[in-house]
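Engineer:
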Amino acid sequence: MIRINLLKEEPKVPTAPKEAEGVKERKPFPMTSLLGLFFVIAVAVGFLQFNALKKEKTLLDAEQEKKNKLRDVTSKLQTVRDQQVLIVRKISLINLLKSQQGVAVNIMDELSKHIPYWLWLTEVNFSKQQVQIRGRAVDNNLIADYIYSLETSPYFQNVNLRSSTRRQGRGNEYFDFALNATYISPQISQPSIKAQEKGN
81 MIRINLLKEE PKVPTAPKEA EGVKERKPFP MTSLLGLFFV IAVAVGFLQF
131 NALKKEKTLL DAEQEKKNKL RDVTSKLQTV RDQQVLIVRK ISLINLLKSQ
181 QGVAVNIMDE LSKHIPYWLW LTEVNFSKQQ VQIRGRAVDN NLIADYIYSL
231 ETSPYFQNVN LRSSTRRQGR GNEYFDFALN ATYISPQISQ PSIKAQEKGN
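Position one of the sequence shown corresponds to residue 81 (my numbering), numbered consecutively onward.
1) Whose CA, out of Lys-149, Ala-258, Asn-220, lies closest to the CA of Val-211?
2) Enumerate in chain order the residues of its own chain whose CB-to-CB distance from Ile-167 is below 7 Å, with the five nearest sequence positions on each side excluded.
3) Threshold first: 4 residues or longer. Then list the alpha helix (DSSP H) segments lying entirely within the region 217-268, N to C.
4) Extract the residue ranges of the alpha helix (DSSP H) inside the region 137-205, only unbroken runs of 4 or more that lie entirely within it.
5) Please state whether DSSP places Gln-212 in a helix, a strand or coil.
6) Name the residue from Ser-229, Asn-205, Phe-255, Val-183 whose alpha carbon lies nearest to the alpha carbon of Asn-220.
7) Under the three-state reduction of DSSP, which class applies to Ser-113: helix, strand or coil?
8) Measure from the alpha carbon of Ser-192 to the alpha carbon of each residue in Ser-243, Arg-161, Ile-213, then state which is nearest.
9) Express the C-alpha separation of Ser-172 and Val-165 in angstroms, rounding to a whole number.
10) Name the residue from Gly-215, Pro-234, Leu-199, Pro-196 whose alpha carbon lies nearest to the alpha carbon of Asn-205.
11) Would Tyr-235 and Glu-190 be called neighbours here (beta carbons separated by less than 8 Å)?
12) Under the assumption that Gln-209 contacts Thr-262 (Cβ atoms under 8 Å), give the Cβ distance between them as a whole number of angstroms.
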């Protein structure tokens, strides 16, 4: 027998698919994946730290190299300064020796200018502006005259009698004497006079 449905069919409302069909069941995240992730992060952090340390070491090496170069420059500069001091000392010594070349001549010239008759010199020593004079005279008055005459010289100051001893030889009597005096260099005395003139 044939059935005919005369009623209008109701449209079928789509139904939601069953959860079992639409969504697969979630599985727990595997522990090995977590460990792998941590390992990757640790490697990345280690790599970054290694690069940072390498960069710091490079900077430190560069600074150390600069410091070493600076130390070399400082050492060379100190050597140059030491050499400069030595050269200045040598120049000063040469200038001093040049200035004293004529000292012996000046001293002997001044000493001989003031020698009275019957007085003669036996020895003259000069050191550090100090003149030591030894000689002989017929009497003490001649020695006193010689001291007074030397004190009038612009080249001598503080002329002092150190000793006077009576001697006899070949039937003659004489006196051995020793004097001290300070020599005033003309190179020293002249600038001071010029300075005084400028001041006036």
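Virtual Cβ for every residue (Gly too), placed ideally from N, Cα, C.
Structural biologist: Answer, in terms of the structure:
1) That would be Ala-258, whose Cα lies nearest to the Cα of Val-211.
2) Non-local beta-carbon contacts of Ile-167 in its own chain, meaning distances under 7 Å to residues more than five positions away in sequence, are absent.
3) 220-231, all fully within the region 217-268.
4) For the region 137-205, whole alpha helix (DSSP H) runs of length 4 or above, ordered along the chain, are 183-193.
5) In this structure, Gln-212 counts as strand in the three-state DSSP scheme.
6) Measuring from the Cα of Asn-220, the nearest candidate turns out to be Phe-255.
7) Reduced to three states, the DSSP call for Ser-113 is helix.
8) For Ser-192, the nearest C-alpha among the options comes from Ile-213.
9) Across the structure, Val-165 and Ser-172 are spaced so that their CA atoms are roughly 10 Å apart.
10) Asn-205 has its Cα closest to that of Gly-215, out of Gly-215, Pro-234, Leu-199, Pro-196.
11) In this structure, Glu-190 lies closer than 8 Å to Tyr-235 by Cβ.
12) In this structure Gln-209 is in contact with Thr-262, their Cβ atoms being roughly 6 Å apart against a cut-off of 8 Å.
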